[in-house]
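Novice:
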Amino acid sequence: MILAPLPAGPLPDSLLTELTALYASNHAFHTLSGDFPDPHGIRPEQVAAALSEERERSGTEILLARSLGRLTGIAVTLAHHPDPADPDPWIGLLMVDAGLHGQGHGRRLAALVEDRFRAAGRTAARLAVLAGNPKALAFWTALGYEVVDHREDKQMGRPCAVLRKELTGP
3 MILAPLPAGP LPDSLLTELT ALYASNHAFH TLSGDFPDPH GIRPEQVAAA
53 LSEERERSGT EILLARSLGR LTGIAVTLAH HPDPADPDPW IGLLMVDAGL
103 HGQGHGRRLA ALVEDRFRAA GRTAARLAVL AGNPKALAFW TALGYEVVDH
153 REDKQMGRPC AVLRKELTGP
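For the sequence shown, the residue numbers in our numbering are 3 to 172.
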């Protein structure tokens with residue numbers, strides 16, 4: 003798996019098509035998150051707008067994962083949480099093409115993101131899992147993340163479990 007930042011500037015049509023397919027494949031997550039008005043009808047302009055919004059946040063990095071030339075996943079990271087008392091970087095989104103779930107792509111993508119954090123001198127990472135998403139909670143706890151809090155997310159006020167992992171080793 004190769005991880006690369008989302009290119010700057012307008013998204014090429016071919017990349018936007020790939021990203022839209024990736025987002026659309028995860029309609030169950032988007033039904034839960036409420037990020038799109040119709041989780042079964044996600045359109046390219048909606049994905050472009052969502053990514054543009056992410057790009058505008060200071061300290062955000064959008065990473066694309068490819069395997070054998072195919073877009074397999076996306077990760078959105080935040081260098082710093084909006085709460086100044088929180089020193090850890092965050093994984094704001096980690097999404098793998100739903101047709102590839104259960105094949106290890108998510109684990110590899112998470113490991114690559116953690117490696118980037120380690121390379122930047124970061125010693126821990128956090129993320130939030132939406133309430134009502136037991137598969138995501140099981141995925142992250144299997145990777146060594148531990149629940150450290152329960153609260154609403156800052157963006158939309160959705161109930162979440164906050165998880166944290168020390169990044170002392172691989």
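Positions of the beta carbon are idealized from the N, C-alpha and C atoms, including for glycine. The structure presented is a predicted model; accordingly, all values stated were derived computationally and were not measured.
Please list the terminal residues of the continuous alpha helix (DSSP H) segment that includes Asp175.
Specialist: Residue 175 lies beyond the range of the chain shown here (3 to 172); nothing can be said about it.
Novice: Quick check on the DSSP output: the beta strand (DSSP E) that includes Ser69 runs from which residue to which?
Specialist: First-last of the beta strand (DSSP E) with Ser69: Thr62 to Ser69.
Novice: Is His152 buried or exposed, if buried means 16 or more other CB atoms sit within 10 Å of its CB?
Specialist: The residue is exposed, with fewer than 16 neighbouring Cβ atoms inside 10 Å.
Novice: Hey, out of Ala77, Pro84, His107 and Ser54, whose CA is closest to Leu70's CA?
Specialist: For Leu70, the nearest C-alpha among the options comes from His107.
Novice: Measuring CB atoms only, is the stretch 122–136 touching the stretch 77–94, in the sense that at least three cross pairs come out at less than 8 Å?
Specialist: At 8 Å Cβ cutoff, the stretches touch.
Novice: Taking the CB atoms as reference points, tell me whether Ile64 and Leu80 lie closer together than 8 Å.
Specialist: Contact: no.
Novice: Tell me whether the stretch 162–172 and the stretch 111–125 touch, counting them as touching only if at least three CB pairs, one residue from each stretch, are closer than 8 Å.
Specialist: Judged by Cβ distances under 8 Å, the stretch 162–172 makes contact with the stretch 111–125, as three or more pairs qualify.
Novice: Could you have a look at Leu145 and say whether DSSP puts it in helix, strand or coil?
Specialist: Coil at Leu145, not helix or strand.
Novice: So what's Ala163 in DSSP terms, helix, strand or just coil?
Specialist: Residue state, collapsed to three classes: strand.
Novice: Give the DSSP-derived three-state secondary structure of Thr74 in the structure shown.
Specialist: In the structure shown, Thr74 sits in a strand (DSSP, three-state: E or B).
Novice: Candidates Leu132, Ala87 and Tyr25: which alpha carbon is nearest Gly101's?
Specialist: The candidate whose alpha carbon is nearest that of Gly101 is Tyr25.
Novice: Cα-Cα, which of His82, Gly159, His103 and Glu148 is closest to Ala122?
Specialist: Of the listed residues, the one whose Cα sits closest to Ala122 is His82.
Novice: Between which two residues does the alpha helix (DSSP H) harbouring Leu111 extend?
Specialist: Its alpha helix (DSSP H) spans residues His107 to Ala121.
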